[in-house]
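Participant:
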Amino acid sequence: MIKFGIVGTNWITERFLDAVKDLEDFTLSAVYSRTEEKAKTFAAKFGAEHTFTSLEEMAKSDVVDAVYIASPNSLHSEQSILMMNHGKHVLCEKPLASNTRETEAMIEAAKENNVLLMEAMKSTLSPNFKLLQDNLNKIGKVRRYHANFSKYSSRYDAYREGTVLNAFNPEFSNGSLMDLGVYCIYPMVVLFGEPEDIKASGIMLDSGVDGGGSLIAQYEGMEGILTHSKIQNSYIHSEIQGEEGSIIIEGGISSFNDMKVVYRDGSTEVISAELDHHEMYYETEEFISLIKEGKTMSSINSFENSLTTAKVIEAARKRIGVVYPADNKRC
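Just so you know, we're using this note's numbering here: the sequence shown kicks off at 1 and counts up by one.
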């Protein structure tokens, strides 16, 4: 049984705990919050025995084997490194860090402490992503990867009324590219590797983050076209286009559910399966399996893929003009 601690008592943590409640070898042992009242309330709701208001105390504690970190993006690196330096395995929400430098520091800490570090990108560890990989050859030579994730943020209403919440605050390394664009970028990197060149544009908000934008990733013989936004909705499917057909991802790039191949002759073939669990179940299952096997890196959500994704995001941010306070800090 792997004893988990959680850092971040927000909606994503609640969704995570609901997804993994039936996962064998997972037990929620501890909750961290800045306030004792919130830590105890959250712990009582989800059955955790221990609470902490000090990250250092949680890191030093023997009641935790691994930590799920779902704090604001700007805190991921510092908190993860603290935990790893005390021998804790870390499952850290996407994006792994604010920038490439922080990502490299996290990877180095994992290697130095011989612990597991994995980015919690749920989509690439879904069984349906494996089905996508297995069926990719059916469309022949790939010429275009088109990913779209544009969803109006519930926090944008407050922004329009003059209140800048965390989702649109550069202090927390947020914005559309980091929060939604990463879902488009990470699978592209897993499937096709590091692009040769990046072009990007975006809609800058007065707060200093991007509300939405687009990215062109150039590969030899193909291109990636990525669109993302937190300030309007889009209902366009994502797809991978090949010379013999296309794979249509109707269920959204963040899940890879509802996929089909459309061949050049017009015939179709469904290639996705109905999942028994939420995608977060499978990422945590992978994480726990790696711990039990004594491994310190996932072969899918690997150090290389996380670092390449961070490089792509950073290159795109530079072209858009998004700069975070974290970019000027030393790890």
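Yeah, the Cβ is synthetic: ideal placement off N, Cα and C, and Gly gets one too.
Model, not experiment: these values are computed from the prediction.
Can you name the start and end residues of the beta strand (DSSP E) that R143 belongs to?
Facilitator: If you number the sequence shown from 1, residue 143 lands on position 143. It spans V142 to S150 - the beta strand (DSSP E) in which R143 sits, taken as one unbroken run.
Participant: Going by the beta-carbon positions, is the gap between P195 and Y156 smaller than 8 Å?
Facilitator: Here residue 195 is taken as the residue at index 195 of the sequence shown, counted from 1. Here residue 156 is taken as the residue at index 156 of the sequence shown, counted from 1. Not a contact, by the Cβ cut-off of 8 Å.
Participant: Pick helix, strand or coil for D22, following the three-state DSSP scheme.
Facilitator: For the purposes of this step, residue 22 is taken as the residue at position 22 of the sequence shown. Correct three-state label for D22: coil.
Participant: Comparing alpha-carbon positions, which option in I291, I300, A326 and S214 lies nearest F4?
Facilitator: By one-based count along the sequence shown, residue 4 stands at place 4. The shortest C-alpha separation from F4 is found at I291.
Participant: In whole angstroms, what separates the C-alpha of E332 from that of N301?
Facilitator: Residue 332 is absent from the model: the chain starts at 1 and stops at 331.
Participant: I think S339 touches E102, with their Cβ atoms under 8 Å apart; what is that distance to the nearest whole Å?
Facilitator: Outside the displayed range of the chain (1 to 331) lies residue 339, so it cannot be described from this structure.
Participant: Quick check: the region 313-328 against the region 203-211, are there 3 or more CB pairs under 8 Å?
Facilitator: A contact exists between the region 313-328 and the region 203-211.
Participant: Going by Cα to Cα distance, which pick from K111, S74 and F46 is closest to K88?
Facilitator: Mapped onto the sequence shown, residue 88 falls at position 88. Selected option, being the one with the closest Cα: K111.
Participant: For the region 247-285, list the beta strand (DSSP E) runs that are entirely contained and at least 3 residues long, ordered along the chain.
Facilitator: Correct list: 259-263 and 268-270.
Participant: Quick one: what does DSSP say M121 is sitting in, helix, strand or coil?
Facilitator: Start at 1 with the first residue of the sequence shown, and residue 121 comes out as number 121. Of the three classes helix, strand and coil, the one that applies to M121 here is coil, per DSSP.
Participant: Using a Cβ-Cβ cut-off of 7 Å (strictly less than) and excluding sequence neighbours within five positions of M84, which residues of its own chain qualify?
Facilitator: Position 84 of the sequence shown, counted from the start, is the residue given in the question as residue 84. V90, A109, A110, N113, V115 and L117, listed in sequence order.
Participant: Which word fits N73, buried or exposed, when buried means at least 16 other C-beta atoms lie within 10 angstroms of its C-beta?
Facilitator: Start at 1 with the first residue of the sequence shown, and residue 73 comes out as number 73. N73 is buried by the Cβ-count criterion.
Participant: The alpha helix (DSSP H) spanning E57 covers which residue range?
Facilitator: Reading the sequence shown from its first residue, position 57 is the one you call residue 57. Residues L55 to K60.
Participant: For D210, does the three-state DSSP call read helix, strand or coil?
Facilitator: Position 210 of the sequence shown holds residue 210. Strand.
Participant: Which class does S229 belong to by DSSP, given the choice of helix, strand or coil?
Facilitator: Looking up residue 229 in the sequence shown gives position 229. The answer is strand: DSSP assigns S229 an E or B state.
Participant: Would you please state the rounded distance, in angstroms, between the beta carbons of V142 and A217? I believe it to be under 8 Å.
Facilitator: Walking along the sequence shown from the start, residue 142 turns up at place 142. Walking along the sequence shown from the start, residue 217 turns up at place 217. In fact, because the Cβ distance is near 13 Å, the residues do not count as touching under 8 Å.
Participant: Comparing alpha-carbon positions, which option in I12, P170 and M188 lies nearest L132?
Facilitator: Numbered from its first residue, the sequence shown carries residue 132 at position 132. It is M188 whose Cα lies nearest to the Cα of L132.
Participant: Please name the residue or residues paired with C92 in a DSSP beta bridge.
Facilitator: For the purposes of this step, residue 92 is taken as the residue at position 92 of the sequence shown. According to DSSP, C92 bridges with I69 and E119.
Participant: Identify whether G224 lies in helix, strand or coil by the three-state DSSP scheme.
Facilitator: On the sequence shown, position 224 is the one that residue 224 refers to. Reduced to three states, the DSSP call for G224 is strand.
Participant: Pull up the distance between the alpha-carbon of D25 and that of F46, whole angstroms please.
Facilitator: To locate residue 25, count along the sequence shown from 1; it is residue 25. To locate residue 46, count along the sequence shown from 1; it is residue 46. Their backbone Cα atoms lie some 16 Å apart in a straight line.
Participant: Along the chain, where does the beta strand (DSSP E) that runs through F172 open and close?
Facilitator: Within the sequence shown, the letter at position 172 stands for residue 172. Taken as a continuous stretch (DSSP letters only), F172 belongs to no beta strand (DSSP E), as it is neither H nor E.
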